[in-house]
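Trainee: A single structure is presented below for examination.
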Ligand code: NOJ
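Encoded structure:
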């Protein structure tokens with residue numbers, strides 16, 4: 003990255019950081035005057051997102067098999083802070099009409115939801131297709147379309163069939179083969195009504211959480227070697243799926259396909275060269291490791307270099323990072339029809355003035371070489387991992403624009419957690435300010451956005467946090483037999499934005 007470019011962005015960040023701090027001191031409220039008065043483009047899509055395990059319930063109904071989350075939380079209930087699981091959740095599997103009704107009430111253009119592999123192919127393999135589930139999702143998708151809502155379907159939101167995990171899951175090099183068979187069934191049965199496909203959601207968590215640090219199912223504490231193997235298999239699975247779609251379905255179905263990448267925005271802790279380099283390097287390790295093969299070809303140079311050097315120092319005769327062959331590089335490159343990106347918060351990154359020691363087993367954080375932290379003066383939320391720093395949106399969008407040749411960006415998740423209805427006004431502030439950064443990115447930085455997606459339509463199961471954080475525009479009464487959905491003020495706010503496509507009272511066209 004050219005130095006001049008980066009320095010100027012760093013300055014931008016510092017300025018905003020200070021301004022944000024001052025604003026927080028000044029009652030920390032929406033002052034209004036700093037919002038863009040430009041209108042969102044006509045074809046910009048506003049939507050909301052959910053995922054199957056987090057809302058559907060019906061975990062063993064209509065032929066569904068056990069996923070890695072079903073298995074993990076049935077066996078080890080203490081994996082969630084409140085000992086809960088997704089067995090019932092919002093009961094959305096039985097509440098199609100209620101969910102479509104609130105989507106319609108919001109007036110969204112698209113709804114991002116996931117289909118569970120375990121429902122469509124209960125054995126994991128294409129040998130047995132569960133037609134009950136196929137019909138269920140066909141009806142659901144038709145209902146969305148009838149109500150003018152574009153379905154955005156995630157094929158994999160973390161719920162691998164346990165039967166495939168028993169064979170090694172993402173560490174088995176057959177994973178791409180298994181996945182592409184599953185995807186083909188979905189394209190075949192649903193593709194005529196689906197224009198937006200997401201292959202994998204937040205693959206960094208699939209691999210780091212599932213096979214490295216063990217915080218997500220299948221809860222494996224592995225070494226960095228396993229994380230990289232998982233990443234390699236995700237990339238190949240994605241690329242094979244894109245090629246399949248491109249060769250057999252695109253002409254007729256006319257859809258687009260991407261993988262929802264994510265990362266917290268990493269900004270340098272100071273103007274020091276080492277911090278600037280570290281922020282960029284850590285982004286390369288977490289985001290570039292997927293985006294570079296998709297957009298540029300191959301893993302980022304800095305990632306290849308550092309992992310190879312450290313592998314050598316560990317006495318290995320090859321890098322822990324799989325070396326992509328020329329064929330693989332060419333095969334993966336170009337397999338993203340838009341840049342799908344989930345963003346929630348940011349961290350500051352400080353470089354190290356020493357090389358992190360070699361550990362046994364080696365860790366990805368050692369490979370990265372840098373530390374991340376969130377300043378105490380950034381506004382907290384009820385989730386420890388999210389602080390309110392929407393002004394960093396523009397920073398990461400520019401990073402993406404610059405590195406990946408200005409791709410069309412679709413924000414496929416962005417959301418704010420609360421405890422119940424308290425602080426819903428801060429959710430409004432949070433969404434409004436991310437949308438403001440998007441508007442500025444569109445009009446000041448010439449970045450094209452296809453759309454924006456609030457996480458989440460309604461309160462739902464939050465993985466390790468169980469039901470202790472609520473992200474919903476709609477509150478869900480989990481105690482009521484009907485899991486009643488009630489709009490929060492933020493739902494009304496979002497509906498008005500969607501209607502007016504404007505953040506202030508009067509937009510200029
Ligand atoms: C991103 C994940 O995709 C989603 O499943 C999760 O609930 C949200 N982040 C909030 O943590």
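Numbering (our numbering), first residue to last: 3 to 511.
The beta-carbon is built from N, C-alpha and C at its ideal position, and this holds for glycine as well.
#1: Apart from the five residues on each side of it in sequence, which residues of its chain come closer than 7 Å, Cβ to Cβ, to residue 186?
#2: So is the beta-carbon of residue 341 under 8 Å away from any non-hydrogen atom of the ligand NOJ?
#3: Apply the 10 Å Cβ neighbour rule to residue 510 and answer buried if 16 or more other Cβ atoms are within range, or exposed otherwise.
#4: What number of angstroms, rounded off, separates the C-alpha of residue 100 from the C-alpha of residue 478?
#5: Could you give the distance in angstroms between the alpha-carbon of residue 287 and the alpha-carbon of residue 305?
#6: How many angstroms separate the CA atom of residue 293 from the CA atom of residue 445?
#7: Comparing the CB of residue 473 with every heavy atom of the ligand NOJ, is any distance shorter than 8 Å?
#8: Considering only C-alpha positions, which residue in the set 83, 282, 56 is nearest to residue 467?
#9: Just to confirm, is the Cβ distance from residue 221 to residue 78 under 9 Å?
#10: Can you check the stretch 249-310 for any alpha helix (DSSP H) of at least 4 residues that lies completely inside it and give the ranges in chain order?
#11: So, using beta-carbon positions, are residue 128 and residue 91 closer together than 9 Å?
#12: Look at the alpha carbon of residue 437 and the alpha carbon of residue 313, and state the distance between them as a whole number of angstroms.
#13: Assuming residue 157 is part of the beta strand (DSSP E), what are its boundary residues?
#14: Quick one: residues in its chain with C-beta nearer than 8 Å to the C-beta of residue 8, no 5 flanking neighbours on either side, listed in chain order?
#15: Out of 58, 42, 39, point me to the one whose CA is closest to residue 460's CA.
#16: How many Å lie between residue 471 and residue 385 at the Cα?
#17: Any C-beta of chain C sitting closer than 9 Å to the C-beta of residue 497?
#18: Are the CB atoms of residue 310 and residue 323 within a distance shorter than 9 Å?
#19: If residue 439 sits next to residue 395, beta carbons under 8 Å apart, how far is it from one beta carbon to the other, in whole angstroms?
#20: Go to residue 436, then tell me how far its beta strand (DSSP E) extends in each direction, as first and last residue.
#21: DSSP on residue 56, reduced to helix/strand/coil?
#22: Any heavy atom of the ligand SAM closer than 8 Å to the beta-carbon of residue 458?
#23: Nearest-angstrom Cα distance between residue 370 and residue 442?
#24: Which one of 130, 176, 198 has the shortest CA to CA distance from residue 155?
#25: For the beta strand (DSSP E) that residue 374 lies in, which residues bound it at each end?
#26: Have a look at residue 2 and residue 331 and give me their C-alpha separation to the nearest angstrom.
#27: Pair every Cβ in the stretch 398-407 with every Cβ in the stretch 252-262, then say whether three or more of these pairs are closer than 8 Å.
#28: Just the C-alpha distance for residue 383 and residue 411, rounded to the nearest angstrom, thanks.
#29: Between the Cα of residue 320 and those of 50, 307, 181, spot the shortest distance and give me the residue it belongs to.
#30: Using the rule of at least 16 other Cβ atoms within 10 Å of the residue's Cβ for burial, across every protein chain shown, is residue 492 buried or exposed?
Mentor: So, from the data block:
#1: 246
#2: no
#3: exposed
#4: 12 Å
#5: 6 Å
#6: 24 Å
#7: yes
#8: 83
#9: yes
#10: 252-255, 275-285, 291-297
#11: no
#12: 42 Å
#13: 152-158
#14: Any answer about residue 8 is weak, because its pLDDT of 36 lies below 50 and its placement is not dependable; what the coordinates show is given next. Cβ within range, chain order: 278, 282.
#15: 58
#16: 7 Å
#17: Here chain C cannot be found, since the structure has a single protein chain.
#18: yes
#19: 4 Å
#20: That residue, residue 436, is in no beta strand (DSSP E); its alpha helix (DSSP H) goes 426-445.
#21: helix
#22: This structure simply doesn't include the ligand SAM; it includes the ligand NOJ instead.
#23: 31 Å
#24: 198
#25: 373-375
#26: Here the chain comprises residues numbered 3 to 511, so residue 2 is not present and cannot be evaluated.
#27: no
#28: 26 Å
#29: 307
#30: buried
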